[in-house]
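Notes for the one structure printed next.
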Amino acid sequence: MRLKEAQVIELKGRSLKDILVKNRCFDSVCGHRNCIICEKFGIGKCNTKGVIYQITCKCGEFYVGETGRTFESRFAEHRRACEKPLTKSYSNSVWAKHSMEKHKGEALIIDVDILDVENNTSRRKILEGILIKHLSPTLNCKEELSEMISKIGTLTLPQISPKNIQKISKKPTLNNQKTHLKN
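See below:
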């Protein structure tokens with residue numbers, strides 16, 4: 001009887017490094033160097049969609065907005081308008097107007113906060129309108145608020161989570177204390 005040749009396969013065992021290193025393959029990493037959003041809110045938060053946010057200028061005036069896109073892409077637009085307010089493509093932005101009126105056309109220093117996250121477009125827009133009405137941001141235009149309120153009139157308020165409405169606790173103050181509703 002003849003024996004077949006056996007193949008020997010060596011498998012590497014688990015090393016100490018394999019055991020101690022945390023598996024982070026499912027983390028959402030943005031890939032942007034020096035990502036302001038990830039630095040402030042945690043890795044991958046810049047990829048969040050459906051964000052209602054507040055952007056505050058160093059002078060204390062602020063803007064409340066929402067986006068269905070990634071937070072990073074919308075915030076990047078605001079940031080570019082603040083960094084280059086005299087650029088023609090940003091001339092109609094709220095930040096260009098604010099820079100011209102209050103800061104002699106200089107680049108603006110801003111801070112950002114996430115107020116809430118809502119993936120349902122109608123609810124997100126309504127919640128943004130409620131936040132605008134409650135917080136009275138100095139940089140949102142009145143026409144924008146009128147449009148929000150008209151949308152609120154077509155929907156019943158029980159569709160908005162009472163928990164979200166109760167989260168609105170106070171208006172931001174000029175000493176950089178901001179309303180943090182949900183991170």
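1 is the number of the first residue of the sequence shown in the UniProt record's numbering; add one for each residue after it.
Idealized CB from N, CA, C, for every residue including glycine.
Residues bridged to residue i by DSSP?
i: C57; result: I110
Could you tell me which of the options sits nearest to residue i, measuring between CA atoms?
i: G129; options: Y63, A76, T70 and H98; result: Y63
i: T138; options: E39, E118, V94 and K104; result: V94
i: M100; options: D113, E83 and I114; result: E83
i: T56; options: R79, E72, T70 and G42; result: R79
i: I114; options: S136, F71 and K17; result: F71
i: D116; options: E10, T67 and A81; result: T67
Using three-state DSSP, classify residue i as helix, strand or coil.
i: G42; result: coil
i: K49; result: strand
i: L115; result: strand
i: E66; result: strand
i: K102; result: helix
i: K133; result: helix
i: C35; result: coil
i: L94; result: Strictly speaking, residue 94 in this sequence is Val, with Leu absent from that position. In this structure, V94 counts as helix in the three-state DSSP scheme.
i: S89; result: helix
i: L139; result: coil
i: S122; result: helix
Please classify residue i as buried or exposed, where buried requires at least 16 neighbouring CB atoms within 10 angstroms.
i: Q54; result: buried
i: K12; result: exposed
i: I110; result: buried
i: K104; result: exposed
i: N34; result: exposed
i: N119; result: exposed
i: G65; result: buried
i: V8; result: exposed
Checklist entry - Does the segment 84-96 come close enough to the segment 43-52 that 3 or more CB-CB pairs lie under 8 Å? => result no
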